[in-house]
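A.B. asks:
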Amino acid sequence: MASLHTGIQLITSFTRDQWYRVFIFILTFLLYTSFHLYRKLISIVKGELHKHCASHDNEPHCHRAPFDKKNYQQLLGALDYSFLCAYAIGMYLSGIIGEHLPIRYYLTFGIFASGAFITLFGLGYFYNIHNFGFYVITQIANGLVQTTGWPSVVTCIGNWFGKGRRGLIMGIWNPHTSVGNVLGSLIAGSWVSTCWGLSFVVPGIIINGTDSECKKILYTKDNSKNPDPEIQSLLADGENDTIQTKFVTVLHGDGGNGMAPIGFLGAAKMVSYIFLFWLPLYITNIDHFDAKKAGDISTLFGIGGIIGGILADVISDRRGKQASTCGLMLLLAAPMFPMFSRVSKMGLEATIVMLFISRALVNGPYALITTAVSADLGTHKSLKGNSKVLSTVTAIINGTGSVGTDLGPLLIGLISPSGWNNVFYMLMVACATALLFLLSVDGLEWEETCGQETNQWVVAIV
Numbered sequence: 001m002a003s004l005h006t007g008i009q010l011i012t013s014f015t016r017d018q019w020y021r022v023f024i025f026i027l028t029f030l031l032y033t034s035f036h037l038y039r040k041l042i043s044i045v046k047g048e049l050h051k052h053c054a055s056h057d058n059e060p061h062c063h064r065a066p067f068d069k070k071n072y073q074q075l076l077g078a079l080d081y082s083f084l085c086a087y088a089i090g091m092y093l094s095g096i097i098g099e100h101l102p103i104r105y106y107l108t109f110g111i112f113a114s115g116a117f118i119t120l121f122g123l124g125y126f127y128n129i130h131n132f133g134f135y136v137i138t139q140i141a142n143g144l145v146q147t148t149g150w151p152s153v154v155t156c157i158g159n160w161f162g163k164g165r166r167g168l169i170m171g172i173w174n175p176h177t178s179v180g181n182v183l184g185s186l187i188a189g190s191w192v193s194t195c196w197g198l199s200f201v202v203p204g205i206i207i208n209g210t211d212s213e214c215k216k217i218l219y220t221k222d223n224s225k226n227p228d229p230e231i232q233s234l235l236a237d238g239e240n241d242t243i244q245t246k247f248v249t250v251l252h253g254d255g256g257n258g259m260a261p262i263g264f265l266g267a268a269k270m271v272s273y274i275f276l277f278w279l280p281l282y283i284t285n286i287d288h289f290d291a292k293k294a295g296d297i298s299t300l301f302g303i304g305g306i307i308g309g310i311l312a313d314v315i316s317d318r319r320g321k322q323a324s325t326c327g328l329m330l331l332l333a334a335p336m337f338p339m340f341s342r343v344s345k346m347g348l349e350a351t352i353v354m355l356f357i358s359r360a361l362v363n364g365p366y367a368l369i370t371t372a373v374s375a376d377l378g379t380h381k382s383l384k385g386n387s388k389v390l391s392t393v394t395a396i397i398n399g400t401g402s403v404g405t406d407l408g409p410l411l412i413g414l415i416s417p418s419g420w421n422n423v424f425y426m427l428m429v430a431c432a433t434a435l436l437f438l439l440s441v442d443g444l445e446w447e448e449t450c451g452q453e454t455n456q457w458v459v460a461i462v
């Protein structure tokens, strides 16, 4: 009885608003985890579409058309490129559309459509579809509908948690991307060597399962009734705003360095997504593991990303310097990539440690700017409480940064035939480029520390 009494006291010690925050935190975490189940599926299956064959006599039977040609790396890169390019372009429209539609229906549609297209890709195995255009079109369609997820969930979480500890909250919340990647790897790895079509069909069914929960649970405020003062809507309806939003742009206070965070994000996302999409194939080619084993090993890369994201957000909260935190982690990450080829020769254990550390250092800055920084901009005081534009701000930053992810697969397809060492040198250059974009912002942060007056990032309503 004593334990029951203690439990009741614990439950009642939280206000209704605090319970709503916990509920939104968990719900949005699960929803975007389901979106990210897909991101690793292609990378896991690549090793099965074009296997490493021990005997040249059996080589034609090792591969699946149309990936049985010598240009298979370019074709696999085109699959990545078609998804990422559609994702980058669609992100701009997604944020704007998300402002004007009920988030419950918008997110429900996106989850359902994404699950359907993922399942459709897997059906190509069962129906023996060898038309490359079929897989490209499926990738493009899935890239477009997946853009509904990120602006929606960031808008929900950003409006429920204040700026004071937003870095910490976002750091704990943002691992949903890595959790989705890890779960996607494990699910895909279970069938990739025997029936790779199920590696897509099963995640598609799981994603559609979360769609039904989103439709039943995620509600917005009913404007026809007087709301309980303790109950907050998931998104502000903006009826009492004193300004009218036409469109949003992200600018710097002095107008001089507005592209710095976006340029940084493009380079950082390119590094992160190259590993996300190509790491299992690299492990298969270098260590000659089968696709399942390579997928299992690559999950450790995702776990490193979880730790890196939390670490970056916590440090940012404590020091109050987001650009400096990102710059330090990238400075440590850049020299690690040329060491990959040497470390991989030292054994599997050394390779795993290197993958874990590099992912933490790369994912930390990327996670920080796509979550806490986006939310800070979208809820900036210059918006005068009009939090509906948070969806557009998030989409602009993430969509423009996604241009870097479009370049990644294209460059990999061109560079990887000349050797993986050149790929790692390219990653080092990308990290250095991201660091250069941050120098101007980093200087502003240190000027502020020294007591000089500086301009901070603001959101201008045009």
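Using the UniProt record's numbering, the letters of the sequence shown correspond one by one to residues 1 to 462.
Where is the CB? At the ideal position from N, CA and C, for every residue including glycine.
What you are looking at is a predicted structure, and each value in this text was computed from that prediction instead of being measured.
#1: In the DSSP assignment, find the unbroken alpha helix (DSSP H) run with Val179 in it and report its ends.
#2: State the Cα-Cα distance for the pair residue 464 and Ile306, rounded to the nearest angstrom.
#3: Along the alpha helix (DSSP H) that carries His36, what are the first and last residues, could you check?
#4: Ends of the alpha helix (DSSP H) at Pro365?
#5: Classify Asn181: buried if its beta carbon has 16 or more other beta carbons within 10 angstroms, exposed otherwise.
#6: Of all the options Thr108, Gly204, Ser82 and Leu355, which has the alpha carbon lying nearest to the alpha carbon of Phe134?
#7: Between the alpha carbons of Tyr105 and Phe121, how many angstroms are there, rounded?
#8: Can you grab the Cα-Cα spacing for the pair Ser43 / Thr15, in whole Å?
#9: Tell me where the alpha helix (DSSP H) around Leu120 begins and ends.
#10: Are the region 310 to 325 and the region 193 to 207 touching, with three or more C-beta to C-beta distances below 8 angstroms?
#11: When the Cα of Ala65 is compared with those of Val45, Gln73 and Phe132, which residue comes out closest?
#12: Verify whether the separation of the beta carbon atoms of Gly149 and Gly90 is less than 8 angstroms.
#13: Specify whether the region 353 to 371 and the region 272 to 282 touch according to this definition: at least 3 beta carbon pairs, one from each stretch, less than 8 angstroms apart.
#14: Helix, strand or coil for His130, going by three-state DSSP, please let me know.
#15: Are the CB atoms of Ala367 and Cys431 within a distance shorter than 8 angstroms?
#16: Distance check for Gly419 and Tyr20, CA to CA, integer angstroms please.
#17: From this set, Asn285, Ser178, Leu27 and Gly95, which residue's C-alpha is nearest Ile303's C-alpha?
#18: Which residue's Cα is closest to the Cα of Ile103: Asp80, Ser152, Gly95 and Met336?
#19: Which residues bound the alpha helix (DSSP H) around His100?
#20: Determine whether the beta carbon atoms of Ile369 and Gly171 lie at a separation below 8 angstroms.
#21: Could you tell me which of Gly404, Leu427, Ser416 and Leu123 sits nearest to Leu84, measuring between CA atoms?
#22: Applying the 10 Å Cβ sphere with the 16-neighbour rule, what's the burial state of Ala268?
#23: Using the rule of at least 16 other Cβ atoms within 10 Å of the residue's Cβ for burial, across every protein chain shown, is Gln18 buried or exposed?
#24: Do Ile157 and Phe25 have their C-beta atoms within less than 8 angstroms of each other?
#25: May I ask which residues mark the beginning and end of the alpha helix (DSSP H) holding Lys345?
#26: Do you know whose CA, among Leu27, His36 and Leu41, lies nearest Ala294's CA?
#27: State yes or no: is the C-beta of Thr108 within less than 8 angstroms of the C-beta of Asp211?
#28: Drop a sphere of 10 angstroms on the beta-carbon of Met336, count the other beta-carbons inside from all chains shown, and report buried for 16 or more, exposed for fewer.
#29: Tell me which same chain residues have a C-beta within less than 7 angstroms of the C-beta of Tyr282, skipping the five on either side of it?
#30: Among residues of its own chain, excluding the 5 on either side of Ala350, which ones have a beta-carbon nearer than 7 angstroms to its beta-carbon?
#31: Can you give the Cα-Cα distance for Leu279 and Asp80, rounded to whole angstroms?
#32: Rounded to a whole number of angstroms, what is the C-alpha to C-alpha distance between Gln73 and Ser94?
#33: Looking only at its own chain, which residues have a Cβ that is under 7 angstroms from the Cβ of Thr433, when we skip the five neighbours before and after it?
C.D. replies: According to the data block:
#1: His176 to Trp191
#2: Since the first residue shown for the chain is 1 and the last is 462, residue 464 is missing from the structure and cannot be characterised.
#3: Arg16 to His36
#4: Leu348 to Leu368
#5: buried
#6: Ser82
#7: 25 angstroms
#8: 44 angstroms
#9: Ile103 to Phe126
#10: no
#11: Phe132
#12: no
#13: yes
#14: coil
#15: no
#16: 52 angstroms
#17: Ser178
#18: Ser152
#19: Tyr72 to His100
#20: no
#21: Gly404
#22: buried
#23: exposed
#24: yes
#25: Careful: Lys345 lies outside any alpha helix (DSSP H) and carries neither H nor E.
#26: Leu41
#27: yes
#28: buried
#29: Trp420
#30: Val343
#31: 13 angstroms
#32: 31 angstroms
#33: Ala267
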